[in-house]
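Here's the structure we're looking at; comments come further down.
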Amino acid sequence: MIHLSAGDQVPADIRLARAFELNVNEALLTGESQPVVKKVGRLAPGLVLAERRNMVYFGSLVTSGEGRGVVVATGRATELGQLASSLGQIAEVDTPLTEKLARFGRGMGVVVVILSVVVMMLGVGLGYDFKDIFTLAVAIAVSAVPEGLAVVVTAILALGMRRTLRRHALVRRLVAAETLGSTTIICVDKTGTLTAGEMRVIKLITPEGETKSYLATLADGGATQYLLKVGALASNAYIENPKDSLSEPVVVGSPTEKALVLAAREAGIDVEALRAEFPVVTEMPFSSERKYMLTLHQAKGERWAYLKGAPELVLSYCSQVLKNGRSSRLTAVEHKKIMHLTISLSRQGLRLLLLAMAKLPSTAGAAELASSLDKADYTYLGLVVLQDPLRAEVIPMVKIAKRAGLRVVMITGDHRLTAQAIAREVGLPAASANVIDGHDLQQIDDDALRQRVPKVTVYARAVPSDKLRIISAWQARGEVVAMTGDGVNDAPALKAADIGVALGSGSDVAKEAADMVLLDDNFNSIVAAVEEGRTIYQNIRKVVLYLISDSFSEVILICGAFIVSLAAGEPLALPILATQILWINFVSDTFPAIALAADPPNAAVMREPPIKRDEPILDPPRRLLVALVSFTKGFGTLALFLFLVWLGRDIAYVRTIIFTVMALSSLAVIFSLKHLHHPLFHRLTWNNTKLILAVAFGILLQLLVVYLPWGQEFFHTVPLLASDWIIVLALPVLSVALLEVIKYFVWRRQKDLPALPSPL
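Residue 131 in the working numbering sits at position 130 of the sequence shown, with consecutive numbering throughout.
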């Protein structure tokens, strides 16, 4: 047998044999911060953990009362132990970027090997020197493989992580930064993410039917302010730092009483002075059985009893009502109206307290206070409406998420009605078909759940194991899932999700299992991180598109020269040397690609659909673009090479022209490839100063190897005349012009992005 009292941490899973006012905080297991009332008795089988009132669990904290019970599980056999065990059994999930880059790398490897072998065979067959052909084949292989891609991708991810951190989200794993851009499903906890995570008074309802925000009582000495004063007096919560600024009060007590005291303070009531003026004589504290709290106060030789609690119970003790400062009889019609109002508000997921008072004899004590209820002669003062309110930015952020094609799913341990009310307020579908509670969830198998998840947006009375099933069901449908959590209980789900998102105020275990930590516990930061993730992916796409379109043009030039040689029956001079290919690779791949990695975010990414997990980095339109750009540059330089050879120009001069044309063409097209939906002279094309400087630096380096002696000697170049630059610049201009035409017909004609389909 284990004895438990206030302040104890539960040492094992225990079945209660005795409980007296026992309240336990099970946030570690359920994620809900409200203490749970425990009691002895038999319960129906199949209840979810949050509803097992006759059990206390290892790791929970006793907040009040005492109890005694029998240990039924210890160590790994406890609910918490099973959670820890399941954490180790969950395999790491490959990120979409990892999968795509792996597929891209395998495909490129096969292509490069084939091209290198073809070049070797053609070269040797045509009688070229084996050493020269081997060196050229290696250079082509090196050029065709964008070896700078790994460095550039790492740079893009690192820059994205830094931008995400500025928006209050800490990404713990590098590749996870991009996975955010592929996210299609965001599963969020209600408490602390969509809501503020603490109870607040949102409305006061007086007997006259007056409804006010409590802040409106600042200049009001009437009924609403009186209601707040009674609420503060009939509470044990207190402010630890009453002399500090209004925005930073530290209130100690139960969540409901903290809300009452805070509301009174923010409405301009000096709670400490009020309590000094009306000192407590005796009280009957709140209990789950009584469902009310009763306090007796001394004031100017008189004694007043203040009653607060469950509306239906407290109202049963009332026979009077206070209207316009005068007490009158509470009629049956008024009683019915009040009860109808409380039922209506409760169905909206709001928490209600009804306040009442009674004047007792000046000598009244504990006995008189207890017996005062028997007379049922209290005066009804009004209703206090409380709620864990939505964060101010949640509703617009949910709209942005929907517009971006993201589905937001709310998971909570709250009651179904509360969950539905919050979902409606947020803007999520909350009809009966869209909501499922934990008990119903446990009655269906995984296959049935997989079929049902597309319609469900709200999960009520959910437990940690439910989160794992929900994630698995979505992933089985090919979706990329982000899951939020803050407790130890959430760690397995955070690890199983494609993106585990821990709250900054959460447990260390949750943060360790997560891929990202929200430093401000804000849903806004999740949406911002998704935007950054999409920007990261778009920048990776830009770099890959640029590097690949640059690489294959050199292959086409060499292979084209070999084919012409084969047709002519004699080998032509090589149009470009291995050292020159490697130089182009260095100049065009390194600095401009790194600068392109730092391309600023574009808000348009949040008007596009999510990136599909199976969508390749180079989709069909981009592959077509690579082919057209490569063929234009490759055959254009080949034609120029053959023309200059036909004119009988010196081979060193011809190679210098081809070398420079290839280098400048590579640098020129980067601006057109930067934004496929915008023309070359759009402002977004020129918003990357680093890229402009990198291209200018690349041009300068090319001029150095053409005109400086050391460059001429090493790269076998000759100085070009001013008239030669007309030829040199013609092909880059032609390449850019053709690229702009392709962009117009493939991308730019879609000026307005298509409306995204509803996720439901």
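All C-beta atoms, glycine included, are put in the ideal place defined by N, C-alpha and C.
Because the structure is a prediction, the values reported are computed rather than measured.
query                                                                                                                                                             : result
Can you name the start and end residues of the beta strand (DSSP E) that Val436 belongs to?                                                                       : 436-438
For Val414, which of Asn24, Ala51, Pro36, Ala7 has the nearest alpha-carbon?                                                                                      : It should be noted that the sequence gives Gly, not Val, for residue 414. If we check each option's Cα against that of Gly414, Ala51 comes out closest.
From the DSSP output, which residues share a beta bridge with Gln539?                                                                                             : In the DSSP output, where bridge partners are listed per residue, Gln539 has none listed.
Count the other CB atoms, across all protein chains shown, that sit within 10 Å of the CB of Thr848; report buried if there are 16 or more and exposed otherwise. : Lying outside 2 to 761, the shown extent of the chain, residue 848 is not represented and no answer is given.
Where do the N-terminal and C-terminal ends of the beta strand (DSSP E) with Gly210 fall, by residue?                                                             : Per DSSP, Gly210 belongs to no beta strand (DSSP E) and is neither H nor E.
Measuring alpha carbon to alpha carbon, tell me which residue in Arg77, Ile141, Gly128, Gln10 is nearest Ala579.                                                  : Ile141
Note down, in chain order, each residue of its chain lying with its Cβ closer than 7 Å to the Cβ of Leu705, except the 5 sequence neighbours on either side.      : Gly712
Does the Cβ of Arg77 have 16 or more other Cβ atoms within 10 Å, making it buried, or fewer, making it exposed?                                                   : exposed
Measuring alpha carbon to alpha carbon, tell me which of Gly110, Trp647, Ile203, Thr591 ends up nearest Asp551.                                                   : Thr591
Determine whether the beta carbon atoms of Thr380 and Leu323 lie at a separation below 8 Å.                                                                       : yes
With the cut-off set at 8 Å, would you say Val11 and Lys39 are in Cβ contact?                                                                                     : no
Looking at C-beta atoms only, is the number of pairs between the stretch 597-613 and the stretch 541-561 that lie closer than 8 Å three or more?                  : yes
Just to confirm, are Gly47 and Asn55 a CB contact at a threshold of 8 Å?                                                                                          : no
Rounded to whole angstroms, what is the Cα-Cα separation between His440 and Arg462?                                                                               : 8 Å
Please classify Asp14 as buried or exposed, where buried requires at least 16 neighbouring CB atoms within 10 angstroms.                                          : buried
Check whether the stretch 626-646 touches the stretch 579-588, taking contact to mean three or more Cβ pairs, one atom from each stretch, closer than 8 Å.        : no
Indicate whether Thr419 and Asp190 have their beta-carbon atoms separated by less than 8 Å.                                                                       : no
If Tyr460 and Ile437 are in contact, beta carbons under 8 Å, what's the gap, nearest whole angstrom?                                                              : 6 Å
Anyone know if the C-beta pair for Val655 and Leu665 falls short of 8 Å?                                                                                          : no
So which of Asp725, Pro36, Ile187 has the shortest CA-CA distance to Glu199?                                                                                      : Pro36
With three or more beta-carbon pairs closer than 8 Å as the criterion, would you say the stretch 157-177 touches the stretch 505-524?                             : yes
Using only the alpha-carbon positions, how far apart do Val154 and Asn689 sit?                                                                                    : 18 Å
Exposed or buried, what is Met340 when buried is set at 16 or more other beta-carbons lying within 10 Å of its beta-carbon?                                       : exposed
Thr194 to Ala402, Cα distance in whole Å?                                                                                                                         : 15 Å
Give the straight-line distance between the Cα atoms of Gly108 and Ile527, rounded to the nearest whole angstrom.                                                 : 34 Å
Report the option in Ala431, Ser345, Asp499, Arg392 whose CA atom is closest to the CA atom of Asp522.                                                            : Arg392
So the candidates are Thr64, Ala474, Leu30; which of them puts its Cα closest to the Cα of Leu81?                                                                 : Leu30
Taking the straight line between their C-alpha atoms, what separation do you get for Leu219 and Asp487?                                                           : Model confidence at Leu219 stands at a pLDDT of 48, short of 50, so the residue's coordinates are unreliable; what they give is reported in the following sentence. Spanning the two alpha carbons is a distance of roughly 36 Å.
Beta carbon of Leu98, beta carbon of Glu67: below 8 Å?                                                                                                            : no
Between the C-alpha atoms of Pro577 and Phe105, what's the straight-line distance to the nearest angstrom?                                                        : It should be pointed out that residue 577 corresponds to Ile in this sequence rather than to Pro. Taking the straight line joining both Cα atoms gives about 28 Å.
Please report the straight-line C-alpha distance between Leu520 and Val202, rounded to a whole angstrom.                                                          : 26 Å
Glu714: beta carbon under 7 Å from a heavy atom of the ligand MG?                                                                                                 : With respect to small molecules bound, the structure shown includes none, and the ligand MG cannot be examined in it.
Taking C-beta to C-beta, are Arg304 and Ser320 nearer than 8 Å?                                                                                                   : no
Quick one: what does DSSP say Arg291 is sitting in, helix, strand or coil?                                                                                        : coil
Between Gln388 and chain D, is there a C-beta pair that is closer than 8 Å?                                                                                       : Going by chain labels, chain D is absent from the structure shown, which holds only one protein chain.
How many angstroms separate the CA atom of Ala20 from the CA atom of Met2?                                                                                        : 13 Å
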